[in-house]
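Numbering (full-length UniProt numbering), first residue to last: 1 to 147.
For every residue, glycine included, the Cβ atom is placed at its ideal position computed from N, Cα and C.
Just so you know, these numbers come straight off a predicted model, no measurement behind them.
One structure is given below, encoded as structure tokens.
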Amino acid sequence: MVGKLCTVCDEAVSKYKCPKCEAGYCSVGCFRIHKSEPCVSSADRHAAAQSTSVEARKDSAAGGRDANSNDDEDDDEEKQHRLTPEDLQKLDSSIAVKELLADPRTRALLEAVRRDANPTQAIRMHRQRPDFEQLVQAMLDATAGHR
Numbered sequence: 001m002v003g004k005l006c007t008v009c010d011e012a013v014s015k016y017k018c019p020k021c022e023a024g025y026c027s028v029g030c031f032r033i034h035k036s037e038p039c040v041s042s043a044d045r046h047a048a049a050q051s052t053s054v055e056a057r058k059d060s061a062a063g064g065r066d067a068n069s070n071d072d073e074d075d076d077e078e079k080q081h082r083l084t085p086e087d088l089q090k091l092d093s094s095i096a097v098k099e100l101l102a103d104p105r106t107r108a109l110l111e112a113v114r115r116d117a118n119p120t121q122a123i124r125m126h127r128q129r130p131d132f133e134q135l136v137q138a139m140l141d142a143t144a145g146h147r
């Protein structure tokens, strides 16, 4: 039987579970990274999921037209903030970004953002950390001409 992967590094089998949120992790190092981030208990997550589904039902009952127009606005805004192929090439060739991404803790933070239900909020939260903010600034510097 193959176990679940560590939720922090996504490389090793998780041997331990967080007592609060039940997230699996493989080592003390991954536990420290997990512990440095806000942790939500499984009961709180379940309650939040239920309230979200209730809100979604209320929104759909209120009429789909308003929700669709907001979706169109969100799509336009998302397109406006997307990186161009040139910007992606600048990031790919940035030595500063590559050096920062060599740190496993930074990669674990990015993985946490990727997995988060609300990545925008996760980015805001992680920008409080000096190491994550350093990565953000390096990425902004690499794409300085971006819009």
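DSSP three-state assignment for residue i, whether helix, strand or coil
i           : result
Lys17       : strand
residue 225 : Because the chain is modelled from 1 through 147, residue 225 falls outside the range shown and cannot be assessed.
Ser94       : coil
Arg32       : helix
Glu133      : helix
Straight-line gap, residue i to residue j (C-alpha atoms, nearest Å)
i      : j      : result
Arg65  : Glu22  : Only weak support is given to the placement of Arg65: the predicted model assigns it a pLDDT of 48, under 50, and the value that follows is read from those uncertain coordinates. So the two alpha carbons sit approximately 39 Å from each other.
Ala122 : Glu111 : 11 Å
Ser14  : Ala102 : 22 Å
Ser86  : Phe31  : The sequence shown places Glu at residue 86, rather than the Ser named in the question. Each residue's Cα considered, the two are about 37 Å apart.
His34  : Gln134 : 20 Å
Ser36  : Ser93  : 30 Å
Asp116 : Pro104 : 18 Å
Leu88  : Gln137 : 15 Å
Residues near residue i in its chain [Cβ-Cβ closer than 6 Å; skip 5 each side]
i      : result
Leu109 : His126, Phe132
Ala12  : Cys6, Cys26
Neighbourhood of residue i by C-beta, 7 Å cutoff - its chain only, sequence neighbours within 5 removed
i      : result
Leu91  : Val97, Met139, Ala142, Thr143
Val113 : Pro119, Ala122, Ile123, His126
Gly3   : Val13, Ser14
Whole-angstrom C-beta distance between residue j and residue i, which should lie under 8 Å
i     : j     : result
Cys39 : Lys20 : 5 Å
Residues bridged to residue i [DSSP beta-bridge criterion]
i     : result
Gly24 : Lys17
Spatial neighbours of residue i in its chain, beta-carbon cut-off 8 Å, leaving aside the 5 residues before and after
i      : result
Thr106 : Leu100, Asp131, Phe132, Leu135
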